[in-house]
Amino acid sequence: MAKPQLTWSVIGLLCLLVGYLVVLMYAQGEYLFAIMTLILSSVGLYIFANRKAYAWRYVYPGLAGMGLFVLFPLICTIAIAFTNYSSTNQLTFERAQQVLMDRSFQAGKAYNFTLIPAGDEWKLALTDGESGKNYLSDAFKFGGEQKLALKETDALPEGERANLRVITQNRTALNQLTAVLPDDSKVIMSSLRQFSGTQPLYTLGEDGY
Numbered sequence: 005m006a007k008p009q010l011t012w013s014v015i016g017l018l019c020l021l022v023g024y025l026v027v028l029m030y031a032q033g034e035y036l037f038a039i040m041t042l043i044l045s046s047v048g049l050y051i052f053a054n055r056k057a058y059a060w061r062y063v064y065p066g067l068a069g070m071g072l073f074v075l076f077p078l079i080c081t082i083a084i085a086f087t088n089y090s091s092t093n094q095l096t097f098e099r100a101q102q103v104l105m106d107r108s109f110q111a112g113k114a115y116n117f118t119l120i121p122a123g124d125e126w127k128l129a130l131t132d133g134e135s136g137k138n139y140l141s142d143a144f145k146f147g148g149e150q151k152l153a154l155k156e157t158d159a160l161p162e163g164e165r166a167n168l169r170v171i172t173q174n175r176t177a178l179n180q181l182t183a184v185l186p187d188d189s190k191v192i193m194s195s196l197r198q199f200s201g202t203q204p205l206y207t208l209g210e211d212g213y
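Sequential numbering from 5 applies to the sequence shown in this note's numbering.
(1) Measuring CA to CA, which of 59, 197 and 127 is closest to residue 234?
(2) Excluding the five sequence neighbours on either side, which residues of its own chain have a C-beta within less than 8 Å of the C-beta of residue 44, listed in chain order?
(3) Throw me the rounded Cβ distance for the residue 140 and residue 154 pair, which I believe falls under 8 Å.
(4) Please give the ranges of any beta strand (DSSP E) in the segment 113-148, keeping only runs that are unbroken, at least 3 residues long and fully inside the region.
(5) Do the segment 157-174 and the segment 106-121 meet, that is, are 3 or more Cβ pairs less than 8 Å apart?
(6) For residue 172, does the three-state DSSP call read helix, strand or coil?
(7) Let's test the definition: count the other Cβ atoms within 10 Å of the Cβ of residue 100 and tell me whether it reaches 16, buried, or not, exposed.
(8) Tell me which same chain residues have a C-beta within less than 6 Å of the C-beta of residue 29, skipping the five on either side of it?
(9) Please report how far the alpha carbon of residue 104 lies from the alpha carbon of residue 208, in whole angstroms.
(10) Kindly identify the DSSP beta-bridge partner or partners of residue 191.
(11) What's the C-alpha gap between residue 18 and residue 76?
(12) Please state the DSSP three-state secondary structure of residue 204.
(13) Among the candidates 129, 199, 128 and 88, whose CA atom is the shortest distance from the CA of residue 111?
(14) With DSSP as the reference, label residue 96 as helix, strand or coil.
(15) Does DSSP put residue 87 in a helix, in a strand, or in coil?
(16) Helix, strand or coil for residue 38? Go by DSSP, reduced to three states.
Structure representation (structure tokens):
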């Protein structure tokens with residue numbers, strides 16, 4: 005008589021423990037783990053508490069292991085593939101705001117550019133395809149973010165020009181350049197052949213958000 009009571013007492017305690025764990029997982033937002041724990045625990049308790057399901061006691065551990073370590077991760081992976089729940093989207097509010105504020109789009113004129121060697125330095129030359137005006141910077145070296153003040157010139161210096169290979173090799177450095185034209189407008193590299201004006205894609209509202 006005492007053995008059935010002990011068995012049901014143990015089962016009752018396990019049910020309380022499982023219920024507590026499921027509620028804890030649900031409160032933490034781990035819905036998938038809560039559902040998986042509830043299903044596996046409920047089925048397991050039923051099988052080991054019901055004599056009619058005695059034969060399943062030998063099969064259930066294998067099925068539970070396959071479901072927990074094979075099917076469950078597979079289902080989670082497929083589910084995550086259709087959401088933004090990934091490492092690139094798990095950012096703090098400040099970092100996410102900064103990422104959005106750094107985004108920009110091309111606006112204004114596009115200028116053809118070339119690099120003119122000046123010893124071990126370079127000069128940046130821009131040409132307005134519409135008006136034919138030319139702009140030239142002082143000599144500079146690649147390295148870090150720089151602002152180059154350009155002056156209008158009647159004609160660009162004759163001589164050698166940087167080829168596409170040189171531009172490609174120094175693309176990272178060129179992306180850090182900001183060319184300031186005589187009218188104080190700013191342009192940055194938009195392709196391997198052009199500099200163009202940009203504007204921020206997002207701006208903060210009056211409330212700072």
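Cβ coordinates follow ideal geometry from the N, Cα and C atoms, glycine included.
In this structure, then:
(1) Because the chain is modelled from 5 through 213, residue 234 falls outside the range shown and cannot be assessed.
(2) Hits under 8 Å: 68, 71 and 72.
(3) Correct: roughly 6 Å between the Cβ atoms.
(4) Listed in chain order, the beta strand (DSSP E) runs fully inside the segment 113-148 are 125-132 and 138-141, counting runs of at least 3 residues.
(5) By the Cβ criterion, the segment 157-174 is in contact with the segment 106-121, since at least three pairs of Cβ atoms, one from each stretch, lie closer than 8 Å.
(6) Helix at residue 172.
(7) Burial call: exposed.
(8) Sequence-distant partners of residue 29 (beyond 5 residues in either direction) whose C-beta falls short of 6 Å from its own C-beta, in its chain, are 37 and 38.
(9) Near 10 Å, if we compare the C-alpha coordinates of residue 208 and residue 104.
(10) Paired residues: 183.
(11) If you take the alpha carbons of residue 18 and residue 76, they lie about 23 Å apart.
(12) Of the three classes helix, strand and coil, the one that applies to residue 204 here is strand, per DSSP.
(13) Minimum Cα distance to residue 111 is reached at 199.
(14) In the three-state reduction of the DSSP assignment, residue 96 falls in the coil class.
(15) Note: residue 87 maps to coil in three-state DSSP.
(16) Of the three classes helix, strand and coil, the one that applies to residue 38 here is helix, per DSSP.
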